[in-house]
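Before any comments, here is the structure.
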Amino acid sequence: MSSLETFSQSLRPEWLANYLGSETIFATHAHEVLYSFVFYNMLFLFCPVIGRVCFGSIYTCLVSSSDPKQRKLKLNFDIHIIAMIQAIISIGACIWLFCSTVLNDNQLLGYDYSHTFVSSITVGYFIWDLLVCLKYFDLFGFEFLLHAVASLFVFSTTFMPFFQYWVPRFLIFEASSPFVNINWFIANSKGAKGWLSSTTLNVVNGLLLMLSFFSVRIIWGFYAIYLVMCLLCNQWNDLTSIEQIVASIVVGLNFSLDVLNLFWFKKMVRIAKKMASKGKSSPKNSEKKDQ
1 MSSLETFSQS LRPEWLANYL GSETIFATHA HEVLYSFVFY NMLFLFCPVI GRVCFGSIYT
61 CLVSSSDPKQ RKLKLNFDIH IIAMIQAIIS IGACIWLFCS TVLNDNQLLG YDYSHTFVSS
121 ITVGYFIWDL LVCLKYFDLF GFEFLLHAVA SLFVFSTTFM PFFQYWVPRF LIFEASSPFV
181 NINWFIANSK GAKGWLSSTT LNVVNGLLLM LSFFSVRIIW GFYAIYLVMC LLCNQWNDLT
241 SIEQIVASIV VGLNFSLDVL NLFWFKKMVR IAKKMASKGK SSPKNSEKKD Q
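Following this line, the structure appears as structure tokens:
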């Protein structure tokens with residue numbers, strides 16, 4: 001038993017252990033899902049503190065405002081703060097799991113406690129994310145709901161166990177998320193001072209956002225699903241009918257997310273072109289003012 005497993009199991013509530021037992025992988029890891037879900041709910045409550053520290057008066061004005069639009073913007077800030085923290089946790093977990101070779105020889109049906117632990121805390125986050133997308137559907141829309149449902153299903157299959165080797169290889173999509181969130185913070189903090197007003201940061205972050213999103217979510221996204229399909233083709237006859245159905249759904253959902261990422265990248269390119277055209281026209285406008 002690894003030190004991680006020993007530590008995690010020592011935190012397993014007795015009532016949960018008595019209720020679920022220890023006969024399945026999910027039963028062994030259910031408390032990790034629960035703790036992760038509670039963690040993100042608690043984090044949501046502490047977002048006003050984080051928001052004031054990171055964004056100063058911009059965020060403080062949103063907290064004190066009674067305007068529905070401002071309240072929605074404050075909610076959006078809170079959710080992006082949590083998404084930022086989740087992305088950092090995910091990237092750290094990916095680096096850790098990429099160092100492991102335990103599942104190299106069993107990339108489809110292998111089991112490892114560390115991979116399942118990371119998957120469990122990710123499932124806890126996506127349960128929270130799904131509930132947020134449902135509660136505030138008018139704010140986030142169908143695309144984010146699809147992302148939450150698909151991600152929750154894919155990572156939940158690891159409890160079968162299924163696709164555990166691919167946990168860090170799917171989770172690495174989050175490598176672009178910090179840049180996505182920073183870009184959103186800058187775009188929605190007009191008039192802010194400090195780091196949010198840095199033109200250099202805006203430009204550099206924008207370039208890193210485009211590069212990371214295209215590399216990780218599109219190039220790697222489509223290539224990863226191709227590798228998974230090759231793996232499934234080689235072992236298809238060894239799978240049970242239920243595993244074949246689950247595998248088909250996972251491939252379909254991942255492909256849908258890849259297409260969704262293409263849609264989002266197209267929107268990014270359109271916005272970048274618009275920003276570039278504004279940048280080109282601004283020197284002319286300033287010359288006219290000087291005259």
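First residue of the sequence shown: 1, per UniProt numbering; consecutive thereafter. For each residue, glycine too, the CB sits at the ideal point set by N, CA and C.
query	result
Looking only at its chain, what residues have a beta carbon closer than 7 Å to the beta carbon of S156, apart from the 5 residues adjacent to it on each side?	V123
Counting pairs of beta carbons, one from the stretch 220 to 234 and one from the stretch 245 to 262, are three or more of them closer than 8 Å?	yes
Assess, as a yes-or-no matter, whether the stretch 142 to 152 is touched by the stretch 63 to 81 under the definition of 3 or more beta carbon pairs within less than 8 Å.	no
Excluding sequence positions up to five away, which residues of its chain have a Cβ less than 6 Å from the Cβ of G51?	Y59 and F77
Can you check which of these residues, S189, N183 and W220, is closest to V203 by C-alpha distance?	N183
Answer yes or no: do C47 and I88 have a C-beta to C-beta separation smaller than 8 Å?	no
Which value, in whole angstroms, describes the spacing of the CA atoms of I186 and L196?	5 Å
Could you check the C-alpha separation between D112 and V53 for me, to the nearest Å?	39 Å
Who are the Cβ neighbours of T6 in its own chain at under 7 Å, not counting the five residues just before and after it?	none
Compare the C-alpha of L16 against each of S10, L4, S8 and A30 and name the closest.	A30
Between Y40 and W128, which are expected to be in contact by the criterion C-beta below 8 Å, what is the C-beta distance as a whole number of angstroms?	4 Å
Can you tell me whether K266 is helix, strand or coil according to DSSP?	helix
Would you identify the three-state DSSP class for K284, choosing helix, strand or coil?	Confidence at K284 is low in this model, with a pLDDT of 48, below 50, so the placement of that residue should be treated as unreliable; the coordinate-derived value is given next. Helix at K284.
Grab me the residues of V102's own chain with a C-beta within less than 7 Å of its C-beta, minus the 5 sequence neighbours each way, in chain order.	D112
Rounded to whole angstroms, what's the CA-CA distance from L73 to L145? Just pull it up for me.	19 Å
Give me the Cβ distance between I172 and S36, rounded to the nearest whole Å; I'm assuming they're in contact under 8 Å.	Between S36 and I172 the Cβ distance is about 19 Å, and since that is not below 8 Å, they are no contact.
Considering only the alpha carbon of each residue, which of A93, D105, N106 and V132 lies closest to S114?	A93
Compare the C-alpha of Q164 against each of L260, N106, V259 and I218 and name the closest.	N106
Judging by CA-CA distance, which residue of L75, F159, L108 and M160 is the nearest neighbour of C133?	L75
For T122, which three-state DSSP category applies?	helix
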